[in-house]
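In our numbering, the protein residues as written are 5 to 115.
Glycine is no exception: its CB is placed at the ideal position from the N, C-alpha and C atoms.
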């Protein structure tokens with residue numbers, strides 16, 4: 005069984021984005037906003053980012069997420085795709101996004 009990879013991923017339309025185990029999206033009653041909580045770190049995504057993150061369940065591919073948002077907002081798919089991909093890549097670079105679809109490459113057999 006593979007585990008989500010959260011560092012050094014390249015976000016593509018085949019990526020199945022999900023928050024890694026060490027991070028979670030939670031509504032903070034004190035701040036009255038959504039936050040991503042991780043050990044010793046807190047991010048406060050804007051409303052659009054929160055909507056996208058709710059779709060990042062590890063089951064849907066980025067392509068499916070982009071399709072869904074393009075239909076919902078009646079916006080050009082390529083524009084939605086560029087913005088969503090850039091946002092998710094930024095989160096991945098910071099360690100706040102994993103690819104559930106990533107399968108570790110097989111190890112080489114010992115000599």
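If you reduce the DSSP assignment to three classes, tell me which class residue 40 lands in.
Residue 40: strand per DSSP, three-state reduction.
Taking the alpha carbon of residue 31 as the reference point, which residue from 103, 47, 20 and 25 has its own alpha carbon closest?
Out of 103, 47, 20 and 25, 47 has the C-alpha closest to the C-alpha of residue 31.
Report yes or no: do three or more beta-carbon pairs, one from the region 23 to 42 and one from the region 75 to 93, lie closer than 8 Å?
No, because fewer than three Cβ pairs between the region 23 to 42 and the region 75 to 93 fall closer than 8 Å, the two stretches do not touch.
The alpha helix (DSSP H) with residue 75 in it runs from where to where?
For residue 75, the uninterrupted alpha helix (DSSP H) run begins and ends at 66 to 77, by DSSP.
Less than 7 Å between the C-beta atoms of residue 79 and residue 17, yes or no?
Their beta carbons are not under 7 Å apart, which means residue 79 does not touch residue 17 by this criterion.
Residue from 96, 63 and 87 whose Cα sits closest to the Cα of residue 74:
By alpha-carbon distance to residue 74, the top candidate from 96, 63 and 87 is 87.
Contact check, residue 14 vs residue 64 under 8 Å by CB: the rounded distance?
The Cβ separation is near 18 Å, so there is no contact.
Kindly identify the DSSP beta-bridge partner or partners of residue 82.
Residue 82 pairs with nothing; no bridge assigned.
Could you tell me the distance, in whole angstroms, from the CA atom of residue 103 to the CA atom of residue 24?
Between residue 103 and residue 24, the C-alpha separation is close to 8 Å.
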